[in-house]
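Working notes, structure below.
Numbering (the numbering used here), first residue to last: 20 to 436.
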């Protein structure tokens, strides 16, 4: 990052007041009567109502629109285990995105936990505050166990965005790219470079959509994840193939798709040349992708390429889904976010990219005069205001269909009629 941008980022976070978020009062507090209703003695009435029926918390408090963004700081962006306090700017940033794109309120919580069990217990104990929990920047493989345990213990949505947010956007973009390249998910050979939370969750979702697990070749720091390795945790072992491929070069040769969720500059031009005709590469390491677009597109003119960056075409960005998934889940008071809801979100995002792009969206994309479904536009832009209109309704319908919703389909949502 250039020095001037570094200073600009620091200034942005410090001035005119430190941080990026604050709390706002939603009720009148001007008169003595207002204050008597806001606090004593009036506040006793909702307290009694909630004590009599906990569901009344959704009527009389902010719980129903409040998400806890919670981290232990063990896997922050590309910076690694920087500690829970250093993760706070990211968690505040997540709160900004929730509010900006889906009007979801957030408390960010940074937990200094000595073990996954301590983290789980802490989050479970504070969970009554929230309508949902967004887990963030927790290292693998602990993140899998933490999310599973909290889902089992709580009756509100628990969602690890590094896993499922990435998976939903990867799935949406890949399904569109495959159609453009004339390929089918059930027939392709896919390399997943990176075997952490994002990689494993993305592969799980693709398998649920019809990808053959024996056609997925996962690669970690030690090479191909194969069935003869004795150093695999259970989550990696689930994707261990019976194969003689051992290196990244072996795996890439002849493959149709490469999903990179690992680190910068790990894919060379020579590797790219060995892929099958009409390949697809999602180089999602940020800020530096696994292969630079200028290199990749020079080597293969038949390539569809996506990155995690906003300055290149086809940005795979979690903000396309996580605010809207929670919006839909909260609006029907879902008890969980299940696989059907994730698939519904992926399909809604996929389908939106095929719709004509209105001028309003083009105006928000500086220097862009035209966008249409094709190799350089396989996924909607993150600032597309139509996302709020299509993703939450799809998620809400899936929650209702799978019987995890406690409220009916909202009257203010679009109707199929």
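Here a beta-carbon is modelled for each residue, glycine too, at the ideal position from N, C-alpha and C.
The stretch 141-155 makes no contact with the stretch 304-311; the number of CB pairs closer than 8 Å stays below 3. Taking the C-beta atoms as reference points, residue 392 is found no nearer than 8 Å to residue 413. From the listed residues 110, 358, 337, the smallest Cα separation to residue 368 is found for 337. Its chain contains 161, 164, 165 as the residues whose beta carbon lies nearer than 7 Å to that of residue 135, once the 5 sequence neighbours on both sides are disregarded; these appear in chain order.
A residue is called buried once 16 or more other Cβ atoms fall within 10 Å of its Cβ, and residue 343 is buried on that count.
Its chain contains 314, 318 as the residues whose beta carbon lies nearer than 6 Å to that of residue 288, once the 5 sequence neighbours on both sides are disregarded; these appear in chain order. When secondary structure is reduced to three states using DSSP, residue 374 falls in the coil class, being assigned neither helix nor strand.
In this structure residue 353 does not touch residue 410 by the C-beta definition: roughly 14 Å separates them, more than the 8 Å allowed. With contacts defined by Cβ atoms closer than 8 Å, residue 429 and residue 415 form a contacting pair. Residue 403 counts as buried, since at least 16 other C-beta atoms from the protein chains shown sit within 10 angstroms of its C-beta. Counting the other Cβ atoms within 10 Å of the Cβ of residue 399 gives 16 or more, which makes it buried.
With a contact defined as Cβ atoms closer than 8 Å, residue 349 and residue 123 qualify at about 7 Å.
The beta-bridge partner set that DSSP reports for residue 90 consists of 129.
Ranking 251, 239, 129 by CA distance to the CA of residue 268 puts 239 first. Judged by DSSP secondary structure, residue 183 falls within the alpha helix (DSSP H) whose first and last residues are 180-200.
Per DSSP, residue 237 lies in no alpha helix (DSSP H); the unbroken beta strand (DSSP E) holding it starts and ends at 235-239.
Judged by pairs of C-beta atoms under 8 Å, the stretch 201-214 does not touch the stretch 374-390, as fewer than three such pairs exist. Rounded to whole angstroms, residue 421 and residue 359 show a C-alpha spacing of 8 Å. Taking residue 232 as reference, the option from 241, 242, 246 with the minimal CA-CA separation is 246. Around the CB of residue 79, fewer than 16 other CB atoms lie within 10 Å, so the residue is classed as exposed. CA-CA distance, residue 61 to residue 92, rounds to 40 Å.
Between residue 280 and residue 299, the gap from beta carbon to beta carbon reaches 8 Å or more. Note on geometry: alpha-carbon atoms of residue 256 and residue 291 lie some 27 Å from one another.
Under the DSSP assignment, residue 293 falls outside any alpha helix (DSSP H); it carries neither an H nor an E label. Per DSSP, residue 326 is one residue of the beta strand (DSSP E) stretching across 323-326. With respect to residue 125, residue 118 sits close: the two C-beta atoms are nearer than 8 Å. When rounded, the separation of the alpha-carbon atoms in residue 75 and residue 218 is 40 Å. In the three-state DSSP reduction, residue 260 falls in the strand class (E or B).
Nearest in C-alpha terms to residue 274, of all of 220, 221, 295, is 295. Residue pairing from DSSP places residue 301 in a beta bridge opposite 278, 325. Residue state for residue 124 is assigned as strand, using DSSP reduced to three classes.
Rounded to the nearest whole angstrom, the C-alpha separation of residue 85 and residue 186 is 24 Å.
Rounded to the nearest angstrom, the Cβ distance from residue 224 to residue 168 is 21 Å, too far for a contact under 8 Å.
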